[in-house]
Amino acid sequence: MRLERIDEAVAVRADFRGGTATPLAFWRRGREHRVVRVNARWLDRVGQHPCFYFSVTVASGDVFELHLRGADLVWRLDSVSLEG
Amino acid sequence: MREGTVLHVDIDAFFAAIEQLRDPRLAGRPVIVGAGCIASCSYEARRFGLRAGMALSEARRLCPEAVILEGHAQVYRCFAEQIFARCREVAPAVESHLDEAYCDLTGTDRLHGEPLEAARRLKRRIRDDTGLTVTCGIGPNRMLAKLAGKTVKPDGLARIAAEEAESFLTERPIEQLSGVGHAHAKTLRSMNLKTIGQLRALPIELLEALFGVVGRLLYERCRGRDTAVVSEREIPLSISRETSFRRDTADRTEVEGMLEYLAGRACRTARELDITPRTVAVRLRYTDGESAEQARSLRVPSATDPVVLELALELLRRLFRRRASLHAVGLILSNFSSHLAEQGALLDEAEAGRRAALYRAFDGVRSAYGHGVLVSGRALHLKGKLDQDRHGFVLRTPSLTK
Numbered sequence: 109m110r111l112e113r114i115d116e117a118v119a120v121r122a123d124f125r126g127g128t129a130t131p132l133a134f135w136r137r138g139r140e141h142r143v144v145r146v147n148a149r150w151l152d153r154v155g156q157h158p159c160f161y162f163s164v165t166v167a168s169g170d171v172f173e174l175h176l177r178g179a180d181l182v183w184r185l186d187s188v189s190l191e192g
Numbered sequence: 083m084r085e086g087t088v089l090h091v092d093i094d095a096f097f098a099a100i101e102q103l104r105d106p107r108l109a110g111r112p113v114i115v116g117a118g119c120i121a122s123c124s125y126e127a128r129r130f131g132l133r134a135g136m137a138l139s140e141a142r143r144l145c146p147e148a149v150i151l152e153g154h155a156q157v158y159r160c161f162a163e164q165i166f167a168r169c170r171e172v173a174p175a176v177e178s179h180l181d182e183a184y185c186d187l188t189g190t191d192r193l194h195g196e197p198l199e200a201a202r203r204l205k206r207r208i209r210d211d212t213g214l215t216v217t218c219g220i221g222p223n224r225m226l227a228k229l230a231g232k233t234v235k236p237d238g239l240a241r242i243a244a245e246e247a248e249s250f251l252t253e254r255p256i257e258q259l260s261g262v263g264h265a266h267a268k269t270l271r272s273m274n275l276k277t278i279g280q281l282r283a284l285p286i287e288l289l290e291a292l293f294g295v296v297g298r299l300l301y302e303r304c305r306g307r308d309t310a311v312v313s314e315r316e317i318p319l320s321i322s323r324e325t326s327f328r329r330d331t332a333d334r335t336e337v338e339g340m341l342e343y344l345a346g347r348a349c350r351t352a353r354e355l356d357i358t359p360r361t362v363a364v365r366l367r368y369t370d371g372e373s374a375e376q377a378r379s380l381r382v383p384s385a386t387d388p389v390v391l392e393l394a395l396e397l398l399r400r401l402f403r404r405r406a407s408l409h410a411v412g413l414i415l416s417n418f419s420s421h422l423a424e425q426g427a428l429l430d431e432a433e434a435g436r437r438a439a440l441y442r443a444f445d446g447v448r449s450a451y452g453h454g455v456l457v458s459g460r461a462l463h464l465k466g467k468l469d470q471d472r473h474g475f476v477l478r479t480p481s482l483t484k
């Protein structure tokens with residue numbers, strides 16, 4: 109497994125029902141990545157504002173990690189995990 | 083003595099389980115987390131004889147198909163905090179460590195129900211919240227609770243009643259007794275003592291003569307008695323911050339930068355716990371596997387970065403004399419005093435107070451915006467060499483333990 113850092117702001121379609129955020133799709137370089145599974149979610153409380161982290165599998169089978177910053181509600185794409 | 087109820091919660095294959103959770107392609111595969119040696123490995127990897135502490139070269143030989151990951155310390159911390167928060171919902175006192183927690187359930191029956199049922203509910207909640215499994219052991223004291231859990235790993239739940247303690251312990255190997263480390267086990271085995279039951283034959287005087295204070299504890303513990311309480315706020319024996327370099331280095335500015343960064347992290351932890359170290363140690367590991375360590379006491383105990391760093395740099399200069407690259411560097415604070423106001427020598431008392439106040443102000447800023455928001459002195463040399471996030475520099479093998 110190889111982790112490739114991305115670290116860029118992305119547009120995300122998310123479901124906020126039930127008091128939790130669930131990413132449904134995000135756009136990167138003009139391409140839509142549909143989330144087919146949220147693998148894990150965790151909360152990082154360091155600092156005044158929490159960050160909500162997600163590991164997601166997209167339709168292509170790639171596994172991405174992204175987070176929603178509590179301070180400014182910006183979504184950032186952190187990394188993609190590649191086989192090999 | 084009052085009968086207590088302690089619940090021990092142990093997160094199964096902690097780091098490796100989180101990696102398998104984050105990437106479902108790893109599920110069912112042998113996964114190792116570690117750099118240099120195994121910090122954690124999945125149960126699939128353990129079937130090949132792999133275990134924590136084993137060198138990665140040996141692990142690769144035993145299990146060539148294992149997936150090796152360097153790990154993500156901050157992610158593990160977040161999961162642990164979530165699990166310990168759940169533990170606090172069922173227990174008034176929780177003592178948490180890296181991947182385990184002791185919960186004092188004494189007297190909580192009326193509030194949370196029978197301990198076995200409360201533990202079952204806790205396991206379910208943790209699994210629903212995090213996707214991770216934990217093993218729970220319940221006993222009349224910490225030692226028995228932990229040992230109960232050991233019999234049903236992973237994802238198990240077991241209880242030992244006080245009256246079952248002696249029979250439960252009798253046939254267990256001597257190494258499983260809390261307080262029997264590698265050296266003590268060797269001594270006991272050389273006396274042909276292999277089980278905890280056999281240890282009971284030794285009189286307390288002999289155990290004290292062999293192991294000092296620990297001997298008295300072993301005398302009690304082999305009979306199932308453990309008086310250690312679940313302590314909500316753990317005062318550590320030492321605070322250690324250690325990491326290997328991404329690439330082995332002999333560059334003094336890089337090594338000193340790393341040492342300054344580690345000193346800052348360790349001192350901040352000490353200040354948060356309101357403890358002041360007297361002893362500072364520096365540990366080096368060279369490329370060829372040789373290591374060196376030296377400790378010295380501060381003139382006056384201090385938890386401010388420059389005071390600790392000054393001594394750490396002096397130790398580094400004495401230790402780092404070989405013409406070889408360094409693989410890892412570490413800093414250890416120990417010999418703590420509690421609630422000690424920062425003092426200096428007679429003539430710079432006021433200066434010491436100002437310095438302590440300054441670092442408390444830094445702590446405030448870092449609590450609000452993350453440790454990485456302030457980088458000091460030599461640690462600036464690490465910029466560009468290491469990845470950074472709001473927690474600070476992303477270390478290759480960060481210390482998660484205190």
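One line per chain: the protein sequences are A and B, in this order.
Count along the first sequence from 1, add 108, and you get the number used in my numbering.
Count along the second sequence from 1, add 82, and you get the number used in my numbering.
Backbone N, C-alpha and C define an ideal beta-carbon position, used for all residues, glycine too.
This one's a predicted model, so the numbers in the text were calculated from it and none came from an experiment.
Query raised in the report: Which ranges would you report for the beta strand (DSSP E) in the stretch 369–424 of chain B if only whole runs of at least 3 residues count?
Result: Those beta strand (DSSP E) runs which fall completely within the stretch 369–424 of chain B and span 3+ residues are 373–379 and 408–420.
Query raised in the report: Given that a residue counts as buried once 16 or more other Cβ atoms are within 10 Å of its Cβ, and exposed if not, what is glycine 169/A?
Result: It is exposed - the Cβ of glycine 169/A has fewer than 16 other Cβ atoms within 10 Å.
Query raised in the report: cysteine 119/B touches chain A at which residues, Cβ-Cβ below 7 Å?
Result: Within chain A, no residue comes near cysteine 119/B; the closest Cβ sits about 19 Å away, beyond 7 Å.
Requested in this report: With leucine 151/A as the anchor, note down where its beta strand (DSSP E) starts and where it stops.
Outcome: 139–152
Query raised in the report: Quick one: what does DSSP say histidine 179/B is sitting in, helix, strand or coil?
Result: coil
**Report entry** Between the CA atoms of arginine 334/B and arginine 403/B - distance to the nearest angstrom
**Finding:** Looking at the backbone, the Cα of arginine 403/B and that of arginine 334/B are separated by about 11 Å.
Query raised in the report: Tell me the DSSP bridge mates of leucine 190/A?
Result: Arg110/A
Report task. Pick helix, strand or coil for threonine 128/A, following the three-state DSSP scheme. Result -> coil
Query raised in the report: Within the 8 Å Cβ cut-off, does alanine 167/A reach chain B?
Result: no
Query - Residue of Met136/B, Val362/B and Glu152/B minimising C-alpha distance to glutamate 375/B - result: Val362/B
Query raised in the report: From which residue to which residue does the beta strand (DSSP E) around cysteine 159/A run?
Result: 159–166
Report task. Examine chain A for any beta-carbon lying closer than 8 Å to the beta-carbon of valine 149/B, and answer yes or no. Result -> yes
Query - Neighbour list for tryptophan 49/A in chain B, Cβ cutoff strictly below 8 Å - result: No statement about residue 49/A is possible, as the shown extent of chain A runs from 109 to 192 and does not include it.
Query raised in the report: What beta strand (DSSP E) runs, 3 residues minimum, are completely inside the stretch 270–333 of chain B?
Result: 320–331
Query raised in the report: Is the distance from the Cβ of threonine 217/B to the Cβ of proline 236/B below 8 Å?
Result: yes
Report task. Note down, in chain order, each residue of its chain lying with its Cβ closer than 6 Å to the Cβ of glycine 474/B, except the 5 sequence neighbours on either side. Result -> His453 and Gly454
Query raised in the report: Which runs of the beta strand (DSSP E) fall wholly inside the stretch 117–184 of chain B and span at least 3 residues, in chain order?
Result: The qualifying runs are 149–151 and 175–178.
Query raised in the report: Could you give the residue range of the beta strand (DSSP E) that holds aspartate 123/A?
Result: 119–123
Query raised in the report: By a C-beta neighbour count over all protein chains shown, 10 Å radius and 16 as the cutoff for buried, is phenylalanine 124/A buried or exposed?
Result: exposed
Query raised in the report: glutamate 116/A touches chain B at which residues, Cβ-Cβ below 7 Å?
Result: In chain order: nothing, as chain B lies at least about 14 Å away.
Requested in this report: Measure the C-alpha to C-alpha separation of leucine 413/B and leucine 132/A and round it to an integer number of angstroms.
Outcome: 44 Å
Requested in this report: Check whether the Cβ of glycine 155/A lies closer than 8 Å to any Cβ atom in chain B.
Outcome: Interface criterion met: the Cβ of glycine 155/A is under 8 Å from a Cβ in chain B.
Requested in this report: Within 10 angstroms of the Cβ of histidine 264/B, are there 16 or more other Cβ atoms? Answer buried if so, exposed if not.
Outcome: exposed
**Report entry** Best match in Asp445/B, Pro255/B and Ser373/B for proximity to alanine 406/B [C-alpha to C-alpha]
**Finding:** Ser373/B
Report task. Would you mind working out which of Pro285/B, Leu292/B and Ile317/B sits nearest glutamate 302/B, comparing C-alpha positions? Result -> Pro285/B
Query raised in the report: Ordered along the chain, which non-local residues of its own chain (more than five positions away) have a Cβ less than 7 Å from that of proline 383/B?
Result: Thr358, Pro359, Arg360, Ser419 and Leu422
Query raised in the report: Leaving out the 5 sequence neighbours to the left and right, which residues in its chain are closer than 8 Å to alanine 533/B when beta-carbon positions are compared?
Result: Residue 533/B is absent from the model: chain B starts at 83 and stops at 484.
**Report entry** Any alpha helix (DSSP H) of 4 or more consecutive residues that is wholly inside the stretch 201–244 of chain B
**Finding:** Complete alpha helix (DSSP H) runs here, min 4: 224–232.
Report task. Give the residues of chain A in contact with tyrosine 26/B, contact being defined as C-beta atoms less than 8 Å apart. Result -> Here chain B comprises residues numbered 83 to 484, so residue 26/B is not present and cannot be evaluated.
Query raised in the report: Looking at the structure shown, is glutamate 173/A part of a helix, part of a strand, or coil, going by DSSP?
Result: For glutamate 173/A, the three-state secondary structure derived from DSSP is strand.
Requested in this report: Apply the 10 Å Cβ neighbour rule to tryptophan 183/A and answer buried if 16 or more other Cβ atoms are within range, or exposed otherwise.
Outcome: buried
Query raised in the report: Which word fits methionine 225/B, buried or exposed, when buried means at least 16 other C-beta atoms lie within 10 angstroms of its C-beta?
Result: buried
Query raised in the report: Does the beta carbon of arginine 472/B come closer than 8 Å to any beta carbon on chain A?
Result: yes
Query raised in the report: Can you give the Cα-Cα distance for leucine 468/B and serine 326/B, rounded to whole angstroms?
Result: 12 Å
Query raised in the report: At a cut of 8 Å, does the stretch 177–194 of chain B reach the stretch 88–108 of chain B through at least three beta carbon pairs?
Result: yes
Query raised in the report: With 8 Å set as the bound, which would you pick, yes or no: does the beta-carbon of valine 182/A sit closer than that to a beta-carbon of chain B?
Result: no
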